[in-house]
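The structure appears below as structure tokens.
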Amino acid sequence: MTLRHQPPRTKALLLAAGLGTRLRPLTDSLPKCLVPIAGQPLLAYWFDALAQAGIHEVLINTHHLPAQVREFLADWNRRGFHAAEAFEPVLLGSAGTIAAHADWADDADDLLIVYTDNLSDIDLAAFMQSHRERGQAMTMLLFRAADPRACGIAELDASGRVVAFEEKPAAPKSDLANAGVYAVTAAAWREIAAMQAFDIGFEVLPRFVGRMQGHAHASYHRDIGTLAALDEAQRVAPQVFASRPPPPPQGHPA
């Protein structure tokens, strides 16, 4: 009798609790993660990408106007997702959310961590496959930054391993910037949780230098942090995402 190989079980953490102060007045009445871009909430682009990658177990942190995010999650759960909310009355920070949910990794092989205030056409299935093939504790998505001094910047060796990382360097040695998307092993997730840290960029990533892979994304990736960035995304999103397959029908995971 031939035993069927079970695919790796991947779970996702979507970080969506930010206040979005630079997007006011839009975010006075709307969570940043639900700001519409080309007729679709920003968060829906990430759920579309998760669906195409076959990832349906999601934990999402909330804080500002959480009821609207709950309605969004209920809709996607009817489409076959298992999306749970982690409401934070006081913001825990990106690493603090992981510390508060150390057990999220208990039945996972690897985990995906996503800052949802970015708009990206990243192929998450290919990203996770690359992470598994390289065998590092963490893989960090990178993009070419126009202004490296405003970003977290990575230096890579010839194999693509991250050998240095610095937040907002005064004299950047690279333009490869942290894109706010990470793949981690279950063991790495537990290690991060045990740090009891607040911020991934400043406190966690430096401690993974030397055992973290960089994955450069050559296509579209944009931080929707300002009204100008939002306007640019509104203009280009219809073309960037024109070839992405539609999300699966309601009640039927991809």
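Residue numbers (the numbering used here): 19 to 272.
We put the beta carbon where it would ideally sit given N, CA and C, even for glycine.
Fair warning: this is a prediction, and the values are worked out from it, not measured in the lab.
- Any heavy atom of the ligand ZN closer than 7 Å to the Cβ of Ala-104? Judged by which ligands are present, the structure shown has none, so any question about the ligand ZN falls away.
- Task: Taking His-119 and Leu-77 to be in contact with their CB atoms under 8 Å, please state how far apart those CB atoms are, rounded to whole angstroms.
- Result: Rounded, the Cβ-Cβ distance is 6 Å, consistent with contact.
- Query: Which residues bound the alpha helix (DSSP H) around Arg-253?
  - Reply: In the DSSP annotation of this structure, the continuous segment of the alpha helix (DSSP H) that includes Arg-253 starts and ends at 245 to 258.
- Rounded Cβ spacing between Glu-75 and Ala-30 (contact assumed at less than 8 Å): Rounded, the Cβ-Cβ distance is 7 Å, consistent with contact.
- Task: Output the boundary residues of the alpha helix (DSSP H) element that contains Asp-128.
- Result: Residue range 128 to 133 is occupied by the beta strand (DSSP E) that includes Asp-128, with no alpha helix (DSSP H) assigned at that position.
- Query: What's the gap between the Cα of Glu-173 and the Cα of Val-181?
  - Reply: Rounded to whole angstroms, the gap between the alpha carbons of Glu-173 and Val-181 is 6 Å.
- Which ranges does the beta strand (DSSP E) cover as unbroken runs of at least 3 residues, wholly within the region 160 to 227, from first to last along the chain? Within the region 160 to 227, the runs of beta strand (DSSP E) at least 3 residues long that lie entirely inside it are, in chain order, 170 to 174, 180 to 185 and 194 to 203.
- Message: According to DSSP, simplified to helix, strand and coil, what is Gly-114?
- Response: Gly-114: helix per DSSP, three-state reduction.
- Item | For Cys-51 and Arg-40, the rounded distance between their alpha carbons | Approximately 13 Å between the Cα atoms of the pair.
- Classify Asp-121 as helix, strand or coil using the three-state DSSP reduction. Correct three-state label for Asp-121: helix.
- Any idea which residues DSSP pairs Ala-69 with across the strands? Looking at the DSSP assignment, Ala-69 forms no beta bridge with any residue, so it has no partner.
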